[in-house]
Amino acid sequence: AEAVRLSGQVLPDLAFVDVVLADEDGIHCTRRIKHASPASRIILISAYPDREFHRRGLDAGATALVDKKDLDAAALQQIVEDTFR
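In the numbering used here, the protein residues as written are 1 to 85.
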């Protein structure tokens, strides 16, 4: 995926990755981004937040998994602040 390729060049501090992507799943993408940029923090976003996704996401290197229905501007700001504390 393009995001994985760019992560090795840009070295993002934070990336939001959807669990469901067109060309690969977000958990595999998370694993690849962490390999390319180990210091990057990754927040997985899912419309299907079950425990299995959460466990697999954390095992892949995600910092957290967030339910899409809980996302709004205030929640995003809080996630970013909490991630860098």
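All C-beta atoms in this analysis are idealised placements derived from N, C-alpha and C, irrespective of residue type, glycine included.
Given the structure is predicted, the values throughout are model-derived calculations rather than measurements.
Entirely enclosed beta strand (DSSP E) segments - the region 48-77, minimum 3 residues: For the region 48-77, whole beta strand (DSSP E) runs of length 3 or above, ordered along the chain, are 64-67.
Report yes or no: do three or more beta-carbon pairs, one from the region 67-79 and one from the region 27-40, lie closer than 8 Å? Verdict: no, contact absent.
In angstroms with no decimal places, state the Cα-to-Cα distance between VAL66 and VAL10. For VAL66 and VAL10, the gap between their C-alpha atoms comes out near 24 Å.
Going by beta carbon distance, what residues of the same chain come within less than 7 Å of THR63, once the five residues before and after it are set aside? The beta carbon of THR63 is closer than 7 Å to those of ARG41, ILE42, ILE43, THR83 in its chain, skipping five residues each way along the sequence.
Check LEU6 in the structure and name its three-state DSSP category. Secondary structure at LEU6: helix, using DSSP grouped into helix, strand and coil.
Work out the CA separation of CYS29 and HIS46 for me, nearest whole Å. For clarity, residue 46 is Ser in the given sequence; the question names His instead. Rounded to the nearest whole angstrom, the CA to CA distance from SER46 to CYS29 is 14 Å.
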